[in-house]
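Have a look at the structure below, then the notes.
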Amino acid sequence: MTRLPTIVLVHGMWHGGWAWERVATHLEASGYPCVRVTLPGQDRAPGDPTFRGHCDHLVRVLGNVSGDVVLVGHSYSGALLTEVGDAAGVRALVYVSAFCLEPGESVASVNDAEAGSQAGKDDIRQIGDYLVIDPETAMHAFYHDCTPADAASAAERLTPEHADARTAIVSRAAWRTVPSHFVVCTLDRACTPEVQRRMAARVTSSSELESSHSPMLSMPEAVANTIVKVATEHAS
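In the working numbering, the protein residues as written are 27 to 262.
Below, the structure is given as structure tokens:
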């Protein structure tokens, strides 16, 4: 019997592995083992909270997974997929409204280059070395198609993010050598659909969901189905 790949799920800024719980439930019901990564950060996992620290953490996670991997990133973590997503065993990348960057770009340089984001530099606050986003701003920018209870619950769980995560420049582009799929969220208020489509044009294939920035919360089954499709297409 063919062994299914492990799905490694990486969250965006301010979030944690909890954001992928519903998607993982659907994937595991289909037989796919899942790893929900929680990146180092304040009030989160221990370790280096910078972009480099996040990359190193993800490489360690991937090194502990035996067999094939489909690596899935949401929002900011697309930068991590871009930098280290060609690790051994990774058969495909899935960018969910995620920053599929060119070398020399950062999350900030791409998202702030065009007006329209409601989670951009003017919508977040810096306190010391960390960025915070207020719950009301998050609910409007990230979760507007979620139930009010889900939106409020998610906003309450957000944690500060090191400012370096937003401004760090990627040096590599794993999507050039690893088959990659981009999920465009057409109702997104945090990373506009126009910006997403420009990044989606860089990779192997793309699809669209009529979703906010957080389809893993508002339509987890649809996200899981897309991941399964990519996993099936690129099974070794």
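We put the beta carbon where it would ideally sit given N, CA and C, even for glycine.
Treat the numbers as computed from the prediction; the structure is a model and nothing was measured.
Between the region 221-235 and the region 203-212, the count of Cβ pairs shorter than 8 Å is three or higher; the stretches touch. Distance between glutamate 234 and serine 135, taken at the CA atoms: about 24 Å. Scanning Ser103, Val61, Cys126, Glu109 for the CA closest to the CA of leucine 88 turns up Val61. Between valine 122 and valine 98, the C-beta spacing is below 9 Å. The C-alpha of isoleucine 150 lies about 15 Å from the C-alpha of glycine 38.
Isoleucine 195 is not a Cβ neighbour of leucine 53, given a cutoff of 9 Å. Contact between the region 154-163 and the region 182-190 is present: 3 or more CB-CB pairs across the two stretches fall below 8 Å. The beta carbon of aspartate 171 lies closer than 7 Å to those of Leu213, Ser237, Ser238, Ser244 in the same chain, with the five residues before and after it left out. Judged by DSSP secondary structure, phenylalanine 77 falls outside any beta strand (DSSP E) and instead within the alpha helix (DSSP H) spanning 77-89. Taking a contact as a CB-CB distance under 8 Å, the pair proline 31 and arginine 117 counts as one, their CB atoms being some 6 Å apart. Residue environment: proline 129 is assigned as exposed (fewer than 16 neighbouring CB atoms within 10 Å of its CB, all protein chains considered). For arginine 215, same chain residues with a beta-carbon under 6 Å away, outside a window of 5 residues either side, are Gln144, Ala167 in chain order. Going by C-alpha positions, valine 63 is about 24 Å away from glutamate 131. Separation of lysine 255 and isoleucine 33 (C-alpha to C-alpha, rounded to the nearest whole angstrom) is 12 Å. Here proline 72 is exposed. Its C-beta has fewer than 16 other C-beta atoms within 10 Å. In this structure, leucine 65 lies away from alanine 50, with their beta-carbon atoms at least 9 Å apart. Around the C-beta of serine 103, 16 or more other C-beta atoms lie within 10 Å, and the residue is accordingly described as buried.
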